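Only one structure is covered here, and it is reproduced in the block below.
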Amino acid sequence: MARAKRLIRCYRCGRTLQTSDPTQPGYIKEDLLSEISVSDRILYCQECYDEMIKLNNSKLDLTVGDEICSILDRAVNTDAEIIYVVNLFTFNGTLPNDVAEKIKRLNVLVVGTKVDLFNSKKDITPRLIEWLRERFEEYDIHPLQIRVTGKGDKYSGEDFVRFADEYREGRDVYIIGDIGSGKTSLINKGLTGFQNNSNWSITRTSFPGTSERILAIPLSNSSFIYEVPGFPLSHNVVTLVEKEVARAITPKKEVKVVRKAMKSGECLMIGNIASYHLYSGEDTVVNVYTAENVECKVIPSYRYEPTFNRNKDKKEIRPVSEKLSHFMDFDLFEYDMENDGLMHDIAIEGLGWISFVGRGQVFYVYLPHLSALRESRSKIE
């Protein structure tokens, strides 16, 4: 009688795992198959594992394109000042590597926008500034100054120029950031009452050698503020789901904070967009930071798959994306947390994050394929 042998597949790509040839699809190191119970842990082929580790690295392999790089080359060659603008809700600490490599040799100022989305009952500004400094220093960028701002701030043209002038020493200023970072709104607010004492006009024109159109604001007869086009959101959840779902996960008012108690063997579903599974460790209370239209629910992990499948039709936990319907539409990461008693975040770029005290827990995180995931000390403590 013929013998039947169970074939083990990569959880992500579905290829049959094999240990004989590293150059062929589905390769995995032999000791991983022999030492790990396949019924207890999730296995990936080496190719999928390497790609996912890259996505989970603090220096995620993001790029912004040749034309924007050409503009930044001009900034480097003229020793310009950089104002880097980030959206405090969506930013989880990942920077485009090509941008970081260029600007780390320049004077960099950082502005965090959308601070009005956070609870205003306590002063969170010092921690947000510290958190931004920590994230940029991971890329060997040491901001000279960091400011956080929101919709209600009174930010005059005089303030705007003073902030740009403080370190530039007569040089040009380049304002950069992701699409949706809020840099255009920041500039528009700064232009209120702006006095142009130069011989030049404020113009929007093609940057030399590129097809990119940029805003040029004269600071003097020989120096300008340039607004560089927004960087693409290639690893942000908003670009990986339908437009209506993207609108639902983008906060329009104060970010909703929901407290959920989790036990080992339970998972927290964020619509059908992502889920956090407490694989092992002591009971944990998590603060969930999401947009106001995003729903979450704690269920036993063994019920995750049937709940997820039912939710695609019933839409009991919203939002629901039709683009996320199969396990291959998700990446899965495991976090072995420190037992340090400090607050930590696990953040999905564009969707939000959970915050909790590190007690040596093990979390599994399912998130849309190719979206950026980061763990760090808490943004808001």
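Per the numbering used here, the very first residue in the sequence shown carries number 61; after that it's consecutive.
Cβ coordinates follow ideal geometry from the N, Cα and C atoms, glycine included.
Please read these numbers as outputs of a predicted model, since none were measured by experiment.
Consult DSSP for alanine 432 and reduce its assignment to one of helix, strand or coil.
Under the three-state reduction of DSSP, alanine 432 is assigned to coil, being neither helix nor strand.
Excluding the five sequence neighbours on either side, which residues of its own chain have a C-beta within less than 7 Å of the C-beta of proline 311, listed in chain order?
Phe149, Leu177, Ala351, Glu352, listed in sequence order.
Could you tell me the boundaries of the beta strand (DSSP E) in which threonine 265 lies?
Taken as a continuous stretch (DSSP letters only), the beta strand (DSSP E) holding threonine 265 covers 263-266.
As an exercise, report each continuous beta strand (DSSP E) stretch of at least 3 residues that is fully enclosed by the segment 271-315, in chain order.
Runs of beta strand (DSSP E) with 3 or more residues, each lying fully within the segment 271-315, are found at 273-278, 284-287, listed in chain order.
By how many angstroms is the C-alpha of aspartate 391 removed from the C-alpha of arginine 72?
Rounded to whole angstroms, arginine 72 to aspartate 391 spans 7 Å at the Cα level.
N- and C-terminal bounds of the beta strand (DSSP E) containing lysine 243
First-last for lysine 243: 243-250, but that is the alpha helix (DSSP H), not the beta strand (DSSP E).
Name the residue from Tyr104, Glu90, Ile440 whose alpha carbon lies nearest to the alpha carbon of valine 315.
The shortest Cα separation from valine 315 among Tyr104, Glu90, Ile440 belongs to Ile440.
Between Thr83, Gln84, Thr79, Pro85, which lies nearest to aspartate 91 when the distance is taken from Cα to Cα?
The candidate whose alpha carbon is nearest that of aspartate 91 is Thr79.
Near isoleucine 189, which residues of its chain fall below 7 Å by C-beta distance, leaving aside the five closest residues on each side in sequence?
Spatial neighbours of isoleucine 189 in its own chain (CB-CB distance under 7 Å, excluding positions within 5 residues in sequence) are listed in chain order as Ile206, Val208.
Figure out for me which residue from Gly290, Gly341, Cys108 has the closest Cα to the Cα of aspartate 396.
Taking only the C-alpha atoms, the option nearest aspartate 396 is Gly341.
Just to confirm the assignment: which complete beta strand (DSSP E) runs, minimum length 3, are found wholly within the segment 169-218?
Listed in chain order, they are 205-208.
Would you give the residue range spanned by the beta strand (DSSP E) that proline 366 belongs to?
First-last for proline 366: 364-374, but that is the alpha helix (DSSP H), not the beta strand (DSSP E).
Nearest candidate by alpha-carbon position, reference glutamate 127, set Lys211, Leu93, Ile274, Phe254:
For the options Lys211, Leu93, Ile274, Phe254, the alpha carbon positioned closest to that of glutamate 127 is the one of Ile274.
Cα-Cα separation between glycine 418 and lysine 320, rounded to whole angstroms
When rounded, the distance between both Cα atoms is 15 Å.
Distance, asparagine 257 Cα to leucine 120 Cα
Summary for leucine 120: the model assigns pLDDT 49, below 50, so the residue's position carries little reliability, and this model does not support an answer.
Determine, using beta carbons only, whether histidine 295 and glutamate 111 come nearer to each other than 7 Å.
Contact flag unset, no.
For phenylalanine 267, which residues from the same chain have a beta carbon less than 7 Å from its beta carbon, with the 5 sequence-adjacent residues on both sides left out?
Result list for phenylalanine 267: Ile131, Ile274, in chain order.
For the alpha helix (DSSP H) containing alanine 160, name the first residue and the last one.
Here the alpha helix (DSSP H) through alanine 160 covers 157-163.
Cα-Cα separation, threonine 123 to phenylalanine 151:
Computed Cα separation, rounded: 16 Å.
Answer yes or no: do cysteine 70 and cysteine 129 have a C-beta to C-beta separation smaller than 7 Å?
Their beta carbons are not under 7 Å apart, which means cysteine 70 does not touch cysteine 129 by this criterion.
If distances are taken between C-alpha atoms only, which option among Gly250, Gly172, Trp413, Lys374 comes closest to aspartate 219?
The shortest Cα separation from aspartate 219 among Gly250, Gly172, Trp413, Lys374 belongs to Gly250.
Isoleucine 277 beta carbon less than 7 Å from that of isoleucine 143
No. Outside cutoff.
Burial state of serine 118, where buried means 16 or more other Cβ atoms lie within 10 Å:
Confidence at serine 118 is low in this model, with a pLDDT of 41, below 50, so the placement of that residue should be treated as unreliable; the coordinate-derived value is given next. Serine 118 counts as exposed, since fewer than 16 other C-beta atoms from the protein chains shown sit within 10 angstroms of its C-beta.
For the alpha helix (DSSP H) containing valine 136, list its first residue and its last residue.
Unbroken alpha helix (DSSP H) run through valine 136: 126-137.
By DSSP's criteria, aspartate 405 is part of a beta bridge. Which residues make up the other side?
According to DSSP, aspartate 405 bridges with Ser415, Ser436.
Applying the 10 Å Cβ sphere with the 16-neighbour rule, what's the burial state of tyrosine 336?
Under this definition tyrosine 336 is a buried residue.
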